[in-house]
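Take a look at the structure below.
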Amino acid sequence: MVRASSIDTDMAKIVGFAISNATVALSGAIVAQMQQSADINMGSGMIVIGLASLIIGDALLRNRTVLRGLVSVIMGSVVYRIIIALILTTSLPPSFLKLISALVVATAISIPNLRVRNGFSRLRIKGDKQ
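If you want the numbering used here, it's the position in the sequence shown, counting the first as 1, plus 2.
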């Protein structure tokens, strides 16, 4: 639809990426000013949280529309935060948090593959009976 109105989609993507990166840079600069210090590892946890939210949301609810995609990311974020809160309430050391977070992300990545594998096995069983 955008191409039909003669808008250059590649340029629109570049402008969108430029605006989003400028917003991220501005927010990082504001945080560094408020904390009066900056560290190279300050935002690495946010990348993991964002990635985990996307993957968990996609595993829970398949994206077919934009609204459903937004809902799935929000659901993934809530589920990820609940999992982290449950981990922190246990008596595990905080150093295990990254390990368990990685396990949660790996599990969420494998869920769609398990769904596909189970779906194909059902098709094979139905095909064998006929």
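Yeah, the Cβ is synthetic: ideal placement off N, Cα and C, and Gly gets one too.
Where residue i falls, given that 16 or more other Cβ within 10 Å makes a residue buried
i: I58; result: buried
i: V75; result: buried
i: D60; result: buried
i: G78; result: buried
i: A27; result: exposed
i: L105; result: exposed
i: A108; result: exposed
i: S123; result: Since pLDDT at S123 reaches only 47, below the 50 mark, its modelled position is unreliable, and the value read off the structure follows with that caveat. S123 comes out exposed.
i: L56; result: buried
Local conformation of residue i per DSSP, three classes
i: P114; result: helix
i: S97; result: coil
i: S8; result: coil
i: A40; result: coil
i: G45; result: coil
i: T91; result: helix
i: K15; result: helix
Rounded C-alpha distance that separates residue i from residue j
i: P95; j: R5; result: 53 Å
i: A24; j: K15; result: 14 Å
i: S7; j: M13; result: 14 Å
i: S22; j: I113; result: 30 Å
i: A34; j: S46; result: 14 Å
i: T92; j: V80; result: 19 Å
Contact set for residue i: own chain, Cβ-Cβ below 6 Å, skip 5 residues either direction
i: I102; result: I89
Other residues of its chain near residue i: CB distance less than 8 Å, five sequence neighbours each side excluded
i: L99; result: I86, I89, L90
i: D41; result: none
i: N43; result: none
Nonlocal neighbours in the same chain, by C-beta distance under 7 Å from residue i, ignoring five residues either side
i: F19; result: none
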